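Below is one structure; the comments refer to it alone.
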Amino acid sequence: MQPSVLCNNTTFNLGRFFVTPIVFRNTAVQYRKTKKALIFIGPTMIHYRDDAQSYQELLDYVRRELNNCSTLVIGSDGTKAIKKAVSSVFPDSTHLYSTRHVRQNIERQLMKCRTTLDERRGLLELMFDSSESLIQSKTKE
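See the structure below:
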């Protein structure tokens with residue numbers, strides 16, 4: 001059975017509140033047609049502050065519930081506060097960043113560098129969309 005990625009991402013804010021759900025693919029349950037593991041929602045935190053301490057509290061709870069398991073694969077949007085909390089609570093974990101957010105961050109940087117729309121599209125296609133891109137690779141090499 002393949003390990004699941006535990007995803008932690010502040011997806012929206014409701015006025016003065018932030019909502020941070022934890023989701024994961026339950027590898028014990030699969031869709032019949034696709035054989036893909038179902039996505040389950042885990043603990044969800046409603047909080048006032050969008051800071052590392054808030055995320056640390058949520059991740060500390062998760063760590064305790066997982067019987068202090070320290071080696072996980074964790075996915076997030078890569079914000080500084082979440083990165084800091086993950087490295088504090090799960091220092092031995094693998095931390096992956098969402099492709100969507102990485103792409104948006106690269107596109108923002110390219111815009112700051114005043115690249116043209118065509119240049120941005122071309123570079124992003126090479127990095128993310130073409131069959132030869134690293135992200136589309138089917139092998140570990």
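For the sequence shown, full-length UniProt numbering begins at 1 and goes up steadily by one.
No residue lacks a Cβ here, since even glycine has one placed at the ideal position from N, Cα and C.
Here the structure is a predicted model, which means the values were calculated and not measured.
Residues near residue i in its chain [Cβ-Cβ closer than 7 Å; skip 5 each side]
i	result
F18	T10, H47 and D50
Buried versus exposed call for residue i [16 or more other C-beta atoms within 10 Å across all chains shown]
i	result
N8	buried
T20	buried
Same chain, Cβ closer than 8 Å to residue i, five either side skipped, listed in chain order
i	result
D129	Q136
M1	Confidence at M1 is low in this model, with a pLDDT of 48, below 50, so the placement of that residue is unreliable and no value is reported for it.
Helix, strand or coil at residue i [DSSP, three-state]
i	result
R114	coil
R16	coil
residue 145	Residue 145 lies beyond the range of the chain shown here (1 to 141); nothing can be said about it.
S88	helix
S76	strand
Spatially closest choice to residue i from the options, by CA coordinates
i	options	result
Q53	E132, M127, L66 and S88	S88
T71	R63, Y61, D92 and K84	D92
Y55	I22, Q30, D118 and T34	I22
Neighbourhood of residue i by C-beta, 6 Å cutoff - its chain only, sequence neighbours within 5 removed
i	result
M45	T20 and L58
Residue i at chain C interface by Cβ criterion, 8 Å
i	result
G122	In the structure shown, chain C cannot be found, because there is only a single protein chain.
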